[in-house]
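**Q** Heads up, our numbering is the position in the sequence shown plus 278, with the first residue counted as 1. Every residue gets a Cβ at the ideal spot worked out from N, C-alpha and C, and that includes glycine. Quantities reported herein were computed from a predicted structural model and do not represent experimental measurements.
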Amino acid sequence: MSEEPGQRKPPSRKEPLSPEALQKVIDAKKSYWPFALAVSVSIALFGVVMLPYIIGTIIICIGAALTVASIIGWGLERR
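(1) If you pair each beta-carbon of the segment 313–327 with each one of the segment 347–356, do three or more pairs fall below 8 Å?
(2) Going by the beta-carbon positions, is the gap between residue 341 and residue 322 smaller than 8 Å?
(3) In terms of residue numbering, what span does the alpha helix (DSSP H) encompassing residue 330 cover?
(4) What three-state label does DSSP hand residue 358 in the structure shown?
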């Protein structure tokens with residue numbers, strides 16, 4: 279069978295990762311920012327539940343500020 283320009287070639291096989299490189303991929307840097315984001319969103323949602331009271335608005339503002347700070351912190355984290 280001759281190779282024509284329109285025929286697909288089988289994908290080339292990549293070399294497997296070395297054990298050191300594989301371990302480096304598995305041991306990703308652990309981050310506390312996802313936990314901080316979850317806590318701050320929970321605080322904001324608790325403020326939504328408490329909304330009929332004046333303290334609910336304050337709690338929403340605190341939760342929103344912490345949420346923004348957590349998103350920025352997670353985004354700027356060095357990898």
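**A** So, from the listed chains and residues:
(1) yes
(2) In the sequence shown, counting from the first residue as 1, residue 341 sits at position 63. In the sequence shown, counting from the first residue as 1, residue 322 sits at position 44. Cβ atoms of residue 341 and residue 322: closer than 8 Å.
(3) As a working mapping, residue 330 is identified with position 52 in the sequence shown. No alpha helix (DSSP H) contains residue 330, which DSSP labels as neither H nor E.
(4) Here the chain comprises residues numbered 279 to 357, so residue 358 is not present and cannot be evaluated.
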